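All the letters of the sequence shown, read from the start, carry residue numbers 1 to 107 under the UniProt record's numbering.
Backbone N, C-alpha and C fix where the C-beta goes; we use that ideal spot for every residue, glycine too.
Since the model is a prediction, treat every value here as computed from it, not as a measurement.
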Amino acid sequence: MLDTGSKKISILRHGRYIGDLSPSKFSTPKRTRANINLIKKDVKILRKKNKILKQINSRLEKRVCTLENIVNDLEKKMLVSENAVKHLKVLNSVVLENIVSGDLKKK
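And the structure:
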């Protein structure tokens, strides 16, 4: 139980976030090592988040392309009237906005 308490104190003393770091936090080799590890961990987390956001973005862009392709193919094959194509394109943009906002809320 004392270990848990001392861990909390050491974390608060050394800082948890990169913004909490100052030159005085690098005064000893032990502190420097701990702070560099903190920075490396944060960079790793940010790189992973960036990768995930890029994947989400590319998937949404593919989804937009496929929906637009479906509407264009229906229009070329004359399976849908011009009026219906206009409505589908408007609906497509509304649906995409909902999908994007819904996907962003989930993450």
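For residue i, three-class secondary structure by DSSP
i, result
"residue 187", "A question about residue 187 goes unanswered here, because the residues of the chain that appear run from 1 up to 107."
"V64", "helix"
"R16", "coil"
"K77", "coil"
"L88", "helix"
"residue 125", "Residue coverage of the chain in this structure runs from 1 to 107, which leaves residue 125 outside it and unanswerable."
"L2", "Confidence is the limiting factor: at L2 the pLDDT is only 46, short of 50, which leaves the residue's position unreliable, though a coordinate-based value still follows. DSSP places L2 in helix when its eight states are reduced to three."
CB contact flag (residue i, residue j, <8 Å)
i, j, result
"K25", "R31", "yes"
"V90", "V71", "no"
"L21", "N35", "yes"
Sufficient close CB pairs (3 or more, under 8 Å) joining the stretch 62-72 to the stretch 42-53: no
At least three beta-carbon pairs within less than 8 Å, the stretch 48-58 to the stretch 68-84: No, they do not touch.
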